[in-house]
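Have a look at the structure below, then the notes.
Residue numbers (mature numbering (1 follows the signal peptide of the UniProt record, and there is no 0)): -27 to -1, 1 to 512.
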């Protein structure tokens, strides 16, 4: 088998691409190229043949909206150190990231690029080969090499400690910066040093490397498992954004890979949590800390950076399982920042709860006290206002009907990735697919920012069906509840939620809930919400 270095050269020598520019993708390969692309895809979890075959200085389309292109930025913006951590990154994607920073950043604002090698073992990333190849580049580039695998979190702190710029800008090692990406980030920090701005993250296809504009109306959140998610902004915020389409968008959390932060503020805030390992959860920890301790996480619609979105990571967690590392990191997030809602996370993730006595977070708890940070309840009420964690105002638990109390309303993840309402045998365990919130604003909600809603089968039809859809405040997702008879009446249709004829032998599964004309005598419409306990005495 050839070495990774010779392997990289061999890929380059087989390419016969017509020149692809302006962010276009490569979708047609020769049979030989396709075979090589398939056999090497797992090396970095993207198409190495295509990446190595397109220019590391390719042109990109103008992504910004017209109103962003005419903004005049202040003079004397702060300088930035761009910090890029990599571990066994492909040479072409690393170089494309570096060149995009150089080519699309004003020289007077780019203090330096700091590369932090997290113990790569590929020959072309080692000293002196990478160092020599970067010498001709027209900017100051520092390479810091870890002597052992330390993970993204600690590697970023290594880079931050060496940085000389006024602002730290963190990028992943498979990005492409677009025209005008940097000035909005630095302007925001000049106006408010406690603002932590993020660019809109555009999508670089992992197979074709086509550049696709990201969605500006999304902002960061998290699900019950404390996994980062993109959710649509609340309707009121979306309307406000349309009035000021170039203004910053408040984001409850950041994705974590791409953001800028004032260097001194980063230090004052406590940098990253050094007790966290490798990667995972650090973005939520920093987001909660920023918001609860007086700062702001924002997405700037006039700043765009592309990112290769991979379906899985090619890297392992040395000496540890990924699950154990992630649970330990998330436990630290919950213990330090989430107050009583940490118990809800523990109920959803009992493995993390069992690790609780073996992990010391006392230093970070002291940091929170020192910074005089606000409560997690404040964060939910003022920042993540459309959250879907249970509150004392909500009815929370499993939903059954009088017709069959052993069958619970649930949701199912289809092979297409779509979540659909369903019914299933009630489980004794605390399982999120059977947990529902009936909120004080009359919506039936569940994990992943989803609302039980209705959809018309045809525009000309009077037939409606139940669906799960991201909560957006539409009239189709509101239900009037009569507790005495347990009836949920949909405001849009006037129809009532009912349990189905339970089993569909043609599909080998339970049927989903249905809508029927409201009848108080129909047991299928008589719902009970069996409360689920999640506070510490119930763990």
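Here a beta-carbon is modelled for each residue, glycine too, at the ideal position from N, C-alpha and C.
Close-in-space but distant-in-sequence residues of the same chain around residue i (CB under 7 Å, 5 per side omitted)
i           : result
residue 513 : Nothing about residue 513 can be reported from this structure: the residues present for the chain run from -27 to 512 only.
residue 111 : 75
residue 485 : 393, 394, 395, 396, 439, 473
residue 357 : 194, 225
Closest residue to residue i among the options (Cα-Cα distance)
i           : options            : result
residue 9   : 180, 146, 125, 142 : 180
residue 369 : 411, 187, 65, 489  : 411
residue 177 : 373, 253, 33, 490  : 33
residue 466 : 502, 498, 428, 380 : 428
residue 383 : 472, 36, 54, 119   : 472
residue -3  : 40, 107, 185       : 185
residue 47  : 278, 16, 450, 159  : 159
residue 361 : 344, 341, 414, 330 : 414
residue 460 : 250, 492, 291      : 492
residue 379 : 401, 125, 169      : 401
residue 121 : 137, 91, 113       : 91
residue 408 : 334, 257, 506      : 506
residue 51  : 31, 259, -6, 85    : 85
residue 211 : 446, 450, 458      : 446
residue 296 : 316, 335, 251, 266 : 251
Under the three-state DSSP convention, the category residue i falls into
i           : result
residue 228 : coil
residue 197 : coil
residue 169 : strand
residue 343 : helix
residue 451 : coil
residue 313 : helix
residue 53  : strand
residue 363 : coil
residue 408 : coil
residue 322 : coil
residue 188 : coil
residue 251 : coil
residue -5  : coil
residue 494 : coil
residue 219 : coil
residue 96  : helix
residue 117 : strand
residue 527 : A query on residue 527 cannot be resolved here, the shown segment of the chain reaching from -27 to 512 and no further.
Unbroken alpha helix (DSSP H) run spanning residue i, endpoints
i           : result
residue 157 : 155 to 164
residue 146 : Note, residue 146: premise wrong, no alpha helix (DSSP H); not H, not E.
residue 105 : 102 to 107
residue 382 : Note, residue 382: premise wrong, no alpha helix (DSSP H); beta strand (DSSP E) at 380 to 386.
Range covered by the beta strand (DSSP E) that runs through residue i
i           : result
residue 33  : Premise fails: residue 33 is in no beta strand (DSSP E) and is neither H nor E.
residue 279 : 269 to 281
residue 505 : Where residue 505 is concerned, there is no enclosing beta strand (DSSP E), given that its DSSP letter is neither H nor E.
residue 370 : 368 to 374
residue 513 : Here the chain comprises residues numbered -27 to 512, so residue 513 is not present and cannot be evaluated.
residue 394 : 392 to 398
residue 428 : 423 to 429
residue 488 : 487 to 489
residue 419 : 417 to 419
residue 463 : 460 to 463
Residues of its chain near residue i, where Cβ-Cβ distance is below 6 Å and the 5 sequence neighbours each way are ignored
i           : result
residue 420 : 196, 197, 405
residue 221 : 271, 273
residue 79  : none
residue 463 : 427, 452
residue 41  : 219, 275
residue 88  : 57, 116
residue 258 : 246, 306
Neighbourhood of residue i by C-beta distance below 8 Å, restricted to the same chain and skipping five residues each side
i           : result
residue 18  : 179, 283, 284, 285, 286, 287
residue 348 : 265, 312
Residue i at chain B interface by Cβ criterion, 8 Å
i          : result
residue 16 : The displayed structure is made up of one protein chain only, and chain B is not part of it.
- Query: Is the region 345 to 353 close to the region 306 to 313, with three or more CB pairs under 8 Å?
  - Reply: yes
- Message: Using a Cβ distance threshold of 8 Å, determine whether the region 489 to 507 contacts the region 361 to 381, with at least three qualifying pairs required.
- Response: Flag = yes, the region 489 to 507 and the region 361 to 381 touch.
- Query: Is the number of C-beta pairs between the region 271 to 289 and the region 221 to 228 that are closer than 8 Å three or more?
  - Reply: yes
- Sufficient close CB pairs (3 or more, under 8 Å) joining the region 135 to 148 to the region 50 to 58: With a cut-off of 8 Å, the region 50 to 58 and the region 135 to 148 count as touching, because enough Cβ pairs lie within range.
- Query: Are the region 100 to 114 and the region 237 to 246 in contact at 8 Å, needing three or more beta carbon pairs?
  - Reply: no
- Spell out a yes or no on whether the region 280 to 299 and the region 145 to 154 are touching, meaning 3 or more CB-CB pairs, one atom from each, closer than 8 Å. yes
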